[in-house]
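Colleague: The structure that follows is given in the form of structure tokens.
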Amino acid sequence: MSGDCHAHAQQLHGYLQAVSALKDDGSLFLCAYLGPIAPQASCDALCRALRLMPDGLRLQLVETVACSGVLCTPRQWLLERLGPMREADRQPLDARLFDGFERELAELLGGEPRWYQLVSSGQHSLAGQLGAIWSVFVFGADGHAYMLHCSWDR
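For the sequence shown, my numbering assigns the number 4 to the initial residue and increments by one for each residue that follows.
Encoded structure:
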């Protein structure tokens, strides 16, 4: 099963690379398989994958995270442009891009994933390791966790 999970992560990563190219704003996306663990229990695996010390970091359900930045949800990351070059680029991308991503996830995972976000107590800055603007999400189903690292560093 883990071979399939790694293949799913690669497939999702390819989709995200195509979205990044469409956005053309410097957004970068990384999708990786964290292992055969429940998403809500994957903070240590996530920190290992990102080479972070887990001190002051935790996973929280996306819908309960207080949004304090420009891009707070996976939907915003995929559809909103940061630093548009022209006025025409200020419009969000077509919502079908995110809808397609959600359908792809549901198909690959066999159901709707639960989303968690990496949050920091703010004791130390992660900008040097994760990007000037960043969000890290964990999602999964059936005891398998995946990471979505979104960053912008222009």
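For each residue, glycine too, the CB sits at the ideal point set by N, CA and C.
#1: Would you call the CB atoms of Ser138 and Cys70 closer than 8 Å?
#2: Distance cutoff 8 Å, beta carbons only. Does Trp80 sit that close to anything in chain B?
#3: Please return the same chain residues whose Cβ sits closer than 6 Å to the Cβ of Ile136, not counting the five positions on each side in sequence.
#4: Looking at the structure shown, is Val68 part of a helix, part of a strand, or coil, going by DSSP?
#5: For the alpha helix (DSSP H) containing Cys46, list its first residue and its last residue.
#6: So does the region 95-102 actually touch the region 37-53, counting three or more Cβ pairs closer than 8 Å?
#7: Since I believe Leu111 is in contact with His11 (beta carbons under 8 Å), could you give me their beta-carbon distance rounded to a whole number of angstroms?
#8: For His147, count neighbouring Cβ atoms within 10 angstroms of its own Cβ and tell me buried if that reaches 16, exposed if not.
#9: Rounded to whole angstroms, what is the Cα-Cα separation between Leu108 and Glu83?
#10: Please report the distance separating the alpha-carbon of Val22 from that of Leu133.
#11: What residues in its chain sit with their C-beta under 6 Å from that of Pro116, if we drop five residues either side in the sequence?
#12: Note down, one range per segment and in chain order, each beta strand (DSSP E) of at least 3 residues found wholly within the region 74-128.
#13: With H, G and I counted as helix, E and B as strand and the rest as coil, what does DSSP make of Gly29?
#14: Roughly how many angstroms separate the alpha carbons of Ser123 and Gln94, rounded to a whole number?
#15: Given this structure, state the Cα-to-Cα distance separating Val68 from Gln120, to the nearest angstrom.
Modeller: Well, looking at it:
#1: no
#2: No chain B is present in this structure, which holds just one protein chain.
#3: Trp155
#4: coil
#5: Cys46 to Leu53
#6: no
#7: 5 Å
#8: Buried is the label assigned to His147, since at least 16 other Cβ atoms lie within 10 Å of its Cβ.
#9: Distance from the CA of Leu108 to the CA of Glu83, rounded to the nearest whole angstrom, comes to 20 Å.
#10: 19 Å
#11: Leu108, Phe142, Gly143 and Ala144
#12: 117-123
#13: coil
#14: 30 Å
#15: 8 Å
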